[in-house]
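In the working numbering, the protein residues as written are 33 to 535.
The beta carbon of each residue, even a glycine, is placed where N, CA and C say it ideally should be.
All values reported here derive from a predicted model rather than from experimental measurement.
Given below as structure tokens:
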């Protein structure tokens, strides 16, 4: 099967997985909003994001393992067995560190997030359980990472669908039987089973996981994993802070009511981000393999096409999200949870901001060169935090979101583009020109729509549908004719025809 077919089937199966899981999670949030108190609903959002932030303890190990796995498989034999055994040991130790970190933070939850005395015991118990599940899942995380790194996309996506549906069922049963916040714990147990049982069985069957034991653990391999991991640490730190501190900062700066509204609206953002991320995420192992064998002739056009495709699809989705998020929230939970105009646009821009960073900056991880962007990434984090607190205090939710969206411009964007151009051996001007032709018209179109329709949650359904069709046509036409050149349009038609044909 060609790389193009694997890529397109990986993206399509990922999108199918997201759609099914998104439907279950939408109903899960709706049930939680109805059955839990406002304080409980907001509390879980803060606690789950704090647990996710603990992945900072991995210091880039997951991304390092994914990239080094390709090199180790090319070596094969004893070298590959040593690498696998060493990686397994590293993941277990890192999982233990995450669990201990959760345990150490538990006594301070009440002081950090002003948890009511009546809820403190439950909050601590739920937090400990989530921390333990997260730690155990991470200890077995090298199996799921290896499946994606070796371009086995479809089966893991199918397993994720089953785990998501089973988790939703467990959540509903928990809520109906009066378990409250503990229902969230029940919902993640099927995912833990997939991580600890199903994915290891798959890696054995696909001969990704070799037979290896403690005697095969190598200090040299562990050092390799950690050296590259520390280089990628700033990338992991960046993703964690940008991905999970919005609600944490909101816990400090916003009222419970504002935090609950932001939590509801961020659910749509998370779904949009998952959809958008599947293009660069699925392309990454394919492109990394080209870099591993130094095939830059194929790498350059494929990287440009994947980058433009990811940006174009995200621009399209951002406009649809802006037009429909308020309407969906009003029917999903309550009209009181709706956001409007510029705060809503800032929320909807978060997936696009993430994809821009993934495409323009994090592509350096394909070349194992993230260490060259340490200063730029660190400065961007400082800038984000420096903007978040004053803007959050002055403008509430809108200020927090503006800090997240606009900190990229003064941070790692330009240094990242320069590094990708140099490492990918692109001619001068090709990379920034290609990104600008796709991104700038899209941004202009998004702000035009926001100015034209300041309150999309209030317009009639027929008008919303007409606007959506107009937006889709304009966005697709803009990307197709302004972003892509003639050769890229021909290549896309060819890949679609190949995908439809026999494997």
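Take residue i and list the residues in its own chain whose beta-carbon comes closer than 8 Å to its own, dropping the five residues that flank it on each side.
i, result
"residue 534", "With a pLDDT of 48 at residue 534, under the threshold of 50, the modelled position of that residue is not reliable, and no figure is offered here."
"residue 523", "333 and 337"
"residue 164", "131 and 134"
"residue 225", "195"
"residue 221", "165, 199 and 202"
"residue 248", "113, 114, 116, 117 and 118"
Beta-carbon within less than 6 Å of residue i's beta-carbon, same chain only, minus the 5 sequence neighbours each way: which residues are those?
i, result
"residue 116", "242 and 244"
"residue 200", "56 and 60"
"residue 338", "315"
"residue 469", "514 and 515"
"residue 449", "392, 463 and 464"
"residue 482", "377"
"residue 520", "337"
Identify whether residue i lies in helix, strand or coil by the three-state DSSP scheme.
i, result
"residue 371", "coil"
"residue 422", "helix"
"residue 242", "coil"
"residue 457", "coil"
"residue 250", "coil"
"residue 534", "Since pLDDT at residue 534 reaches only 48, below the 50 mark, its modelled position is unreliable, and the value read off the structure follows with that caveat. Three-state result, residue 534: coil."
"residue 491", "coil"
"residue 20", "This structure cannot settle anything about residue 20, because the visible part of the chain is limited to 33 through 535."
"residue 86", "helix"
"residue 301", "helix"
"residue 209", "coil"
"residue 522", "helix"
"residue 486", "coil"
"residue 57", "helix"
"residue 143", "helix"
"residue 327", "coil"
"residue 172", "coil"
"residue 400", "coil"
"residue 154", "helix"
"residue 134", "helix"
Do residue j and residue i have their beta-carbon atoms positioned less than 8 Å apart in this structure?
i, j, result
"residue 405", "residue 414", "no"
"residue 156", "residue 138", "yes"
"residue 173", "residue 227", "yes"
"residue 474", "residue 510", "yes"
"residue 177", "residue 97", "yes"
"residue 412", "residue 436", "no"
"residue 253", "residue 428", "no"
"residue 123", "residue 84", "no"
"residue 158", "residue 211", "no"
"residue 219", "residue 203", "yes"
"residue 312", "residue 387", "yes"
"residue 378", "residue 308", "no"
"residue 356", "residue 58", "no"
"residue 179", "residue 240", "yes"
"residue 401", "residue 451", "yes"
"residue 266", "residue 418", "no"
"residue 3", "residue 341", "Any question about residue 3 goes unanswered here, given that the chain covers just 33 to 535."
"residue 432", "residue 285", "yes"
"residue 67", "residue 292", "no"
"residue 161", "residue 127", "no"
"residue 430", "residue 374", "yes"
"residue 184", "residue 102", "no"
Exposed or buried, residue i, counting other C-beta atoms within 10 Å across all chains shown (16 or more means buried)?
i, result
"residue 420", "buried"
"residue 208", "exposed"
"residue 99", "buried"
"residue 397", "buried"
"residue 441", "exposed"
"residue 498", "exposed"
"residue 53", "buried"
"residue 263", "buried"
"residue 94", "buried"
"residue 408", "buried"
"residue 51", "exposed"
"residue 390", "buried"
Between which residues of its own chain and residue i is the CB-CB distance below 7 Å, once the five residues before and five after are set aside?
i, result
"residue 489", "358, 359, 362, 370 and 372"
"residue 140", "none"
"residue 13", "There is simply no residue 13 to check, as the chain begins at 33 and stops at 535 in what is shown."
"residue 353", "300, 304 and 380"
Taking 8 Å as the threshold (beta carbon to beta carbon), is residue i in contact with chain D?
i, result
"residue 372", "Given the protein chain composition of this structure (a single chain), no chain D is represented."
request  = Taking 8 Å as the threshold, find out whether the stretch 288–306 comes into contact with the stretch 125–139 through three or more Cβ pairs.
outcome  = no
request  = Take every Cβ of the stretch 463–480, pair it with every Cβ of the stretch 315–331, and state whether three or more of those distances are shorter than 8 Å.
outcome  = no
inquiry  = Check whether the stretch 373–383 and the stretch 339–356 are in contact - that is, three or more C-beta pairs closer than 8 Å.
reply    = yes
ask   = Would you say the stretch 68–82 touches the stretch 140–152, given that touching needs at least three Cβ pairs under 8 Å?
value = yes
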